[in-house]
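**Student:** Have a look at the structure that comes next, please.
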Amino acid sequence: MSRKLNVHVRVTDAATGQPTPVRMRISAPDGTYLPPLGRPPNFPVGRNEDVGGHVYLNGKRYAYIDGGAEYPLPTGVPLSVEISKGPAYQPIRDTATLGEGQLTLRFAVQQWIDDRWRELVAADGRCHFLTPHSARLEAEAEGLDHVNLLATVQDYQSPDGHSYRVVPNMTAFSGQSPALDRVYVNTHNVHPALGRLGLLNCHRAVFPLTFGHADETDDWSLSDWCDQCHRKGGLVIWCNGYQSCAGIAGGEALVNAVLGKVDAFEVDAADRSTANLPLWYRLLNGGVRLPLSGASGKASNRIALGSVRTLTPGAPKGYAGWVDHVRAGRSVATSGPYLWLSVNDEPFAARVTPARGEPVRVRAEAASVVPFERLEVVANGALVASASPQGELFATAVEAEVNLPDGGWVAARCWGTLKADFYPHGPVFAHTSPVWIEPDGIAPKRRPDAVSAVARDVDGVRNWIESNGRFTDPRRKEHLLALCDAAAARLNDR
């Protein structure tokens, strides 16, 4: 009959031999989860319920450890061991049987990426409710260089019978400096109907954090948030775009995107009934220049930090360099695969200016430890070239000459229909931000169908302001209506 021993489990990086943080699961032969000492075998998985330090995925519980932990483990029985360290490392799936008196287990995780992929900086664009310390541990364990931990307003039902408004992590606000290594605390600003913005890299917090809720008026605007954020050196991310949780279709976030006040469009790990990439393509074809930002949107222990992330070039280094690259459109949103796009031999270009009638040379490359099915190049939303991955590490490349005499955009994407074991929140995908093609340096023509569709959404925002807005100051209503008019005029100025 087996007995339990307190066993020291150590995980090292194969390249350095040093302990490294990982996500880990050890389970008994009957599948029972065996947590390390100090961690519960069961933990809450609801929104804002003790978030951080562990995660629940595919019906399994995992603990984050910093490279070493004590586990009470039975001897003489086969134990299942699962270890992962983000998409740059080969996951470990192993079986271990402890001998009588054995007090240690040792494992080593191995990077598969080469030097060029290693240059890319990985960041989670948005998460909530973790402590900065938990965010740092999970970031290291998921292979993230930076984490944007966003304070957001929450209603808290107290046992005393009262509902309180709380803002987790507001006192940890760090703006342009790390609250802890890798972790930057900024704000998530929300209107229930007009939209949600992540305001990153601000040297001071942007207030109010909300308006338009049941106890608030609509005497503010997302435009004010955008302007304040930019005055404070910040980056404006459109969060939950076109998702029902963010209110009316597009909302004022769309209006501000048309006006150039929004820096990037977020792709997150949330379930959605409507695919948002076709809607993003429509914005691009309507002339709205919006790069991509990847974010997990983690707000509970059901989501892994970094399950969707942003990749950017490695120079300049640091958080400020990551912000600059996202703003410029040198970014990839990915749930795991690494993706590289060069246009006219310029990697991660934001815009190229060929002579009119001259094609551009496009090369896309993808590599992944997670299976994907196709790598594709798209131009103005249409497929122009594709390839299937080869080899154990699922790598491939595709080249094409693309001629856009009236200009437009090109991008690369890869996708699969299966979910990854360690990021099971949705099918595997990666997508670059668009590279804008401007023949003779002239801005591309807009597609009339896309312009009309975006204009209808802008008109829907105007109708909401007229019919549903609650204003105590008429000037605030007029300000919002003027923004809609300015967006409509910009859409139709060419």
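For the sequence shown, the working numbering gives the first residue as 2, with consecutive numbering after it.
Cβ coordinates follow ideal geometry from the N, Cα and C atoms, glycine included.
1. Going by C-alpha to C-alpha distance, which of Ala421, Glu374 and Trp437 sits closest to Gly287?
2. Considering only C-alpha positions, which residue in the set Ser308, Ala413 and Val289 is nearest to Ser343?
3. What does a CB cutoff of less than 6 Å around Ser434 pick up in its chain, not counting 5 residues either side in sequence?
4. So, does the segment 472 to 488 touch the segment 385 to 400, judging by three or more C-beta pairs under 8 Å?
5. What number of angstroms, rounded off, separates the C-alpha of Met2 from the C-alpha of Arg62?
6. Measure the beta-carbon distance from Gly382 to Tyr282 and round it to whole angstroms, keeping in mind my assumption that it falls under 8 Å.
7. Apply the 10 Å Cβ neighbour rule to Pro390 and answer buried if 16 or more other Cβ atoms are within range, or exposed otherwise.
8. Could you say which of Arg26, Asn404 and His134 lies nearest to Glu439 if we only look at CA atoms?
9. With distances taken between CB atoms, is the gap from Cys128 to Ala350 smaller than 9 Å?
10. Check Asn493 in the structure and name its three-state DSSP category.
11. Throw me the rounded Cβ distance for the Lys86 and Gly144 pair, which I believe falls under 8 Å.
12. Check Asn257 in the structure and name its three-state DSSP category.
13. Using three-state DSSP, classify Ala270 as helix, strand or coil.
14. I'd like to confirm the pairing. Which residues does DSSP put opposite Ser294 in its beta bridges?
15. If you run the structure through DSSP and keep just helix, strand and coil, what is Glu347?
16. Confirm, please, whether the CB-CB distance from Asn202 to Ser224 is below 9 Å.
17. Suppose you measure from the CA of Pro497 to the CA of Ile93; what does that come to, to the nearest Å?
18. By a C-beta neighbour count over all protein chains shown, 10 Å radius and 16 as the cutoff for buried, is Leu492 buried or exposed?
19. Please confirm whether Leu484 and Glu467 have their CB atoms less than 9 Å apart.
20. Near His134, which residues of its chain fall below 7 Å by C-beta distance, leaving aside the five closest residues on each side in sequence?
21. Sort Ala276, Pro88, Pro22 and Pro37 by Cα distance to Ala394 and report the nearest one.
22. If I follow the unbroken beta strand (DSSP E) through Ile438, where does it start and stop?
23. Tell me, please, whether the segment 444 to 456 touches the segment 351 to 364 by the rule of three or more beta-carbon pairs shorter than 8 Å.
**Tutor:** So, from the data block:
1. As a first step, residue 287 must be located in the sequence shown, where it is residue number 286. Gly287 has its Cα closest to that of Trp437, out of Ala421, Glu374 and Trp437.
2. Along the sequence shown, read from residue 1 onward, the residue named residue 343 stands at position 342. That would be Ala413, whose Cα lies nearest to the Cα of Ser343.
3. For the purposes of this step, residue 434 is taken as the residue at position 433 of the sequence shown. For Ser434, same chain residues with a beta-carbon under 6 Å away, outside a window of 5 residues either side, are Pro292, Leu293, Gly330 and Ser332 in chain order.
4. No, they do not touch.
5. Position 1 of the sequence shown, counting from 1, holds the residue named residue 2. Position 61 of the sequence shown, counting from 1, holds the residue named residue 62. Residue placement at Met2 is flagged as unreliable, the pLDDT there being 45, under the threshold of 50; a coordinate-derived value is accordingly withheld.
6. Locating residue 382 in the sequence shown gives position 381, counting from the first residue. Locating residue 282 in the sequence shown gives position 281, counting from the first residue. For a cut-off of 8 Å, the C-beta gap from Gly382 to Tyr282 is around 4 Å, short enough to register as a contact.
7. Mapped onto the sequence shown, residue 390 falls at position 389. With 16 or more neighbouring CB atoms inside 10 Å of its own CB, Pro390 falls in the buried class.
8. Residue 439 sits at position 438 when you count from the first residue of the sequence shown. Of Arg26, Asn404 and His134, the residue nearest in Cα terms is Asn404.
9. Position 127 of the sequence shown, counted from the first residue, corresponds to residue 128. Position 349 of the sequence shown, counted from the first residue, corresponds to residue 350. No, the pair does not count as a contact, with Cβ atoms beyond the cut-off.
10. Translated into positions along the sequence shown, residue 493 becomes position 492. Coil.
11. Position 85 of the sequence shown, counted from the start, is the residue given in the question as residue 86. Position 143 of the sequence shown, counted from the start, is the residue given in the question as residue 144. With 8 Å as the limit, Lys86 and Gly144 qualify as a contact, their Cβ atoms being about 6 Å apart.
12. Along the sequence shown, read from residue 1 onward, the residue named residue 257 stands at position 256. Note: Asn257 maps to helix in three-state DSSP.
13. As a working note, residue 270 is residue 269 in the sequence shown. Coil at Ala270, not helix or strand.
14. On the sequence shown, residue 294 is found 293 positions in, with the first residue counted as 1. DSSP output for Ser294 lists Glu267 as bridge partner(s).
15. Taking the sequence shown and counting its residues from 1, the one referred to as residue 347 is at position 346. Correct three-state label for Glu347: strand.
16. Start at 1 with the first residue of the sequence shown, and residue 224 comes out as number 223. Start at 1 with the first residue of the sequence shown, and residue 202 comes out as number 201. Cβ atoms of Ser224 and Asn202: not closer than 9 Å.
17. The question about residue 497 has no answer, for the chain in this structure spans 2 to 495.
18. The residue labelled residue 492 in the question sits at position 491 within the sequence shown. Leu492 comes out buried.
19. In the sequence shown, counting from the first residue as 1, residue 484 sits at position 483. In the sequence shown, counting from the first residue as 1, residue 467 sits at position 466. Cβ atoms of Leu484 and Glu467: not closer than 9 Å.
20. Sequence index remark: in the sequence shown, residue 134 carries index 133 (1-based). So the qualifying residues of the chain are Leu181.
21. Translated into positions along the sequence shown, residue 394 becomes position 393. The sequence shown places Leu at residue 394, rather than the Ala named in the question. With distances taken between Cα atoms, Leu394 lies closest to Pro88.
22. One-based indexing of the sequence shown puts residue 438 at position 437. Per DSSP, Ile438 belongs to the beta strand (DSSP E) from Val436 to Ile438.
23. By the criterion of at least three beta-carbon pairs nearer than 8 Å, the segment 444 to 456 is not in contact with the segment 351 to 364.
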